[in-house]
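Novice: Pasting in a structure now, in structure tokens, and then I'll have a few things to ask.
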Amino acid sequence: MLPFRGGRRWHVYNEKYFSRDALTPRGGRASALYAGRDGPGGGTTIYVSGLLSRDREGNIVGKGDMAAQIQQVGENLRLSLEAAGATLKDLVRTYTYVTDIDAFFKEVDMRQKYFGQALPTSSTIGVSRLSHPDFMVEIEAFAVIDDKR
473 MLPFRGGRRW HVYNEKYFSR DALTPRGGRA SALYAGRDGP GGGTTIYVSG LLSRDREGNI
533 VGKGDMAAQI QQVGENLRLS LEAAGATLKD LVRTYTYVTD IDAFFKEVDM RQKYFGQALP
593 TSSTIGVSRL SHPDFMVEIE AFAVIDDKR
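Position one of the sequence shown corresponds to residue 473 (our numbering), numbered consecutively onward.
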């Protein structure tokens, strides 16, 4: 597991305690990464906010190249999950926002490199623009891990 920095908050909901840890991979640029724990003995749900095609220094990777952006976002997702003790195989849901759906679906091989044949439950949503005009792909993800690992 990669080292991480962050803090823990406990929340009460329906008389159950939930913790929420804010995590950021050291040297990484994950937007926001939260791990929520369902009390003692429960599993951990990991929430990864929108990841974009940026390298560790914050530079945009793959301007105008859908495959390169998918690869960078996939790598950022892998590193973010590792910081929380999870892997890509633990993904249960993704939301993918793309500026060119046709170009995105032409890159099935690059997607399968990260997600494999058994993709998590997912939605792909076409948008006119992301937070910067050079971004083509943004992924939000949810993973679940067993605390007994």
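Even for Gly, the Cβ is constructed at its ideal location relative to N, Cα and C.
Please state whether DSSP places F576 in a helix, a strand or coil.
Specialist: Three-state DSSP puts F576 in a helix.
Novice: Could you name the residues of the same chain whose beta carbon sits closer than 6 Å to that of T568, not counting the 5 residues immediately before and after it, in chain order?
Specialist: Cβ within range, chain order: T596 and I611.
Novice: Would DSSP call S603 helix, strand or coil?
Specialist: Correct three-state label for S603: coil.
Novice: Count the other CB atoms, across all protein chains shown, that sit within 10 Å of the CB of S552; report buried if there are 16 or more and exposed otherwise.
Specialist: So S552 counts as buried.
Novice: Starting from the C-beta of A615, find all residues in its chain whose C-beta is less than 7 Å away, skip the five residues before and the five after it, and write them out in chain order.
Specialist: Answer for A615: I518, L553, A558, D562, L563 and V564, listed in chain order.
Novice: Tell me where the alpha helix (DSSP H) around G546 begins and ends.
Specialist: M538 to A555 is the extent of the alpha helix (DSSP H) around G546.
Novice: Exposed or buried, which one is Q541 when buried takes at least 16 other CB atoms within 10 Å?
Specialist: Burial call: buried.
Novice: Hey, quick one: how far does the beta strand (DSSP E) through G522 stretch, first residue to last?
Specialist: Residues T516 to L523.
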